[in-house]
Amino acid sequence: MLLSSLAAMAQNAPLTFTTVERPPFSMDAIGERSGFSIDLMRAIAKELGRPIKFQPVETFGEMLSSVEEGRSDGAIANISITAAREQVMDFSQPIFESGLQIMLPEEERSASLFSVIVTRDIAFFLLSAFGALFSIGMLMWVFERKRQPYFQRPFKEALFPSFWWALNLVVNGGFEERVPQTRVGRFFGVMLVVSSLFVVSIFVAKITAAMTVAAISENVDSINDIEGRAIATTAGSTGEAFLAARGIAFTPYTKLADMLTDFENGEIDAVVFDGPILAWYLQSRSKESGRLVERVFKRENYGIALPTGSPLTEDINRALLALRENGTTDELQRKYFGN
69 MLLSSLAAMA QNAPLTFTTV ERPPFSMDAI GERSGFSIDL MRAIAKELGR
119 PIKFQPVETF GEMLSSVEEG RSDGAIANIS ITAAREQVMD FSQPIFESGL
169 QIMLPEEERS ASLFSVIVTR DIAFFLLSAF GALFSIGMLM WVFERKRQPY
219 FQRPFKEALF PSFWWALNLV VNGGFEERVP QTRVGRFFGV MLVVSSLFVV
269 SIFVAKITAA MTVAAISENV DSINDIEGRA IATTAGSTGE AFLAARGIAF
319 TPYTKLADML TDFENGEIDA VVFDGPILAW YLQSRSKESG RLVERVFKRE
369 NYGIALPTGS PLTEDINRAL LALRENGTTD ELQRKYFGN
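Each step along the sequence shown adds one to the number in the working numbering, with nothing skipped, and position 224 is 292.
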């Protein structure tokens, strides 16, 4: 009799689930927890006929430790189901399909034409070209000033007209009425026209190369494309395991909020984390502070974490199936993620 009474009391006792701030899966909405995972867990508890309370903690690791050590009935947030975690705790059936994505600063999307073209190499090339044109123009003034009416002017007055003559010869092929009259002048004129073909070709090639490099650098097709930048993820996350397995240097943050703050302040060049959370973060900004690389670099499933051997596992899985069948799960997904 006593044992049956204790069993009944345990069956009706409130469930205590640990969680952590992870919008839009778990978040504090004016003193009350909300989010996709929170609302789903409330619906599960209702199916089980059990009251439920949520215990927020500061870090993701602390949340998992509470489950592993049996200090809570389970944990709910954006908890990826992994083989390593399965060794120390149990998981429900998957509740959400996710994956790791990369967030980059918005300004890296596409550099302006000005910033692409105005580089040190191209600036040096342009200055050298203008200097050469000026020198050739002044040489033509020396050779042609007594034979060509256009060059019959004092030195100071001839500075710009001589340069202008050389520039027009390169760009437009010169003017028929300003054809050099001396042999030396004609030789220099022909050499300038021929060499200008190579000069213009080199200039166009440099501009094309600069724009091609800019286009390539803004595309992140592989995780190795961000190597060498200031990369961050959260400690104990699947993002940390993903980067560590590939030998990519990164900064692990204990708190997601601290990492996002440093990203906004420009102290981080790339964030590797759960795609849905990064997408929610960008959409919630008054002005976009970053962009999300569309490619999913590692697909994952979220689940409800439970202590090893928990008697709740089967009941929760049955409740999840019922919620999928009656459309509750789809309704919650539309609520938080749209169609």
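Ideal Cβ placement from N, Cα and C applies to all residues, glycine included. Quick caveat: nothing in here was measured; it's all calculated off a predicted structure.
Going by C-alpha to C-alpha distance, which of the options sits closest to residue i?
{"i": "V62", "options": "A197, G395, A373, D398", "result": "This structure does not reach residue 62, given that the chain is present from 69 up to 407, and the question cannot be answered."}
{"i": "L328", "options": "E130, I170, P124, I316", "result": "I170"}
{"i": "V262", "options": "A234, F219, A300", "result": "A234"}
{"i": "M208", "options": "F231, R188, F192, K224", "result": "F231"}
{"i": "A300", "options": "D342, L260, R213", "result": "D342"}
{"i": "L172", "options": "E137, Y404, T302, S357", "result": "S357"}
{"i": "D330", "options": "A313, A298, N394, L260", "result": "A298"}
{"i": "R254", "options": "L311, I204, D107, L388", "result": "I204"}
{"i": "L311", "options": "F266, F365, V258", "result": "F365"}
{"i": "A303", "options": "F85, L132, E100", "result": "L132"}
{"i": "R251", "options": "S305, Q216, A152, A81", "result": "Q216"}
{"i": "V258", "options": "L237, V272, I190", "result": "L237"}
{"i": "A151", "options": "A309, I190, P379", "result": "A309"}
{"i": "P82", "options": "F93, S378, A113", "result": "A113"}
Give the C-beta separation of residue i and residue j to the nearest angstrom, bearing in mind that I take them to be a contact with Cβ-Cβ under 8 Å.
{"i": "T381", "j": "D158", "result": "5 Å"}
{"i": "I163", "j": "Y349", "result": "The Cβ separation is near 21 Å, so there is no contact."}
{"i": "S248", "j": "E225", "result": "Before going on, a small fix: residue 248 reads as Pro here, not Ser. With a Cβ gap of about 19 Å, P248 and E225 do not count as contacting."}
{"i": "I384", "j": "N146", "result": "I384 to N146, Cβ: 17 Å. No contact."}
{"i": "A294", "j": "R314", "result": "The residue you asked about is not Ala; residue 294 is Ile in the sequence shown. Incorrect: roughly 11 Å between the Cβ atoms, too far for contact."}
{"i": "A111", "j": "L389", "result": "The Cβ separation is near 12 Å, so there is no contact."}
{"i": "L108", "j": "L400", "result": "6 Å"}
{"i": "T306", "j": "S148", "result": "5 Å"}
{"i": "R101", "j": "F122", "result": "5 Å"}
Given that a residue counts as buried once 16 or more other Cβ atoms are within 10 Å of its Cβ, and exposed if not, what is residue i?
{"i": "F104", "result": "buried"}
{"i": "L195", "result": "exposed"}
{"i": "E368", "result": "buried"}
{"i": "A143", "result": "buried"}
{"i": "I270", "result": "exposed"}
{"i": "G138", "result": "exposed"}
{"i": "S134", "result": "buried"}
{"i": "T397", "result": "buried"}
{"i": "I98", "result": "exposed"}
{"i": "F228", "result": "exposed"}
{"i": "F219", "result": "buried"}
{"i": "L260", "result": "buried"}
Review point. Are the segment 89–99 and the segment 328–341 touching by the rule of at least three beta carbon pairs closer than 8 Å?
Key: No, because fewer than three Cβ pairs between the segment 89–99 and the segment 328–341 fall closer than 8 Å, the two stretches do not touch.
Review point. What alpha helix (DSSP H) runs, 4 residues minimum, are completely inside the segment 312–375?
Key: With a minimum length of 4 residues, the continuous alpha helix (DSSP H) runs that stay inside the segment 312–375 are 324–332, 343–351.
Review point. Does the segment 327–335 come close enough to the segment 110–126 that 3 or more CB-CB pairs lie under 8 Å?
Key: Flag = no, the segment 110–126 and the segment 327–335 do not touch.
Practice item. Examine the Cβ distances between the segment 126–136 and the segment 304–323 and report whether three or more of them are shorter than 8 Å. Key: The segment 126–136, when compared against the segment 304–323, does touch it at the 8 Å Cβ threshold.
**Study point:** Completely contained alpha helix (DSSP H) runs for the segment 108–180, where each covers 4 or more residues
**Key:** Counting whole runs of 4 or more residues, the segment 108–180 contains the alpha helix (DSSP H) stretches 128–136, 151–154.
Review point. Curious, which full-length alpha helix (DSSP H) runs of at least 4 residues does the segment 198–268 contain?
Key: Here the runs fully enclosed are 223–240.
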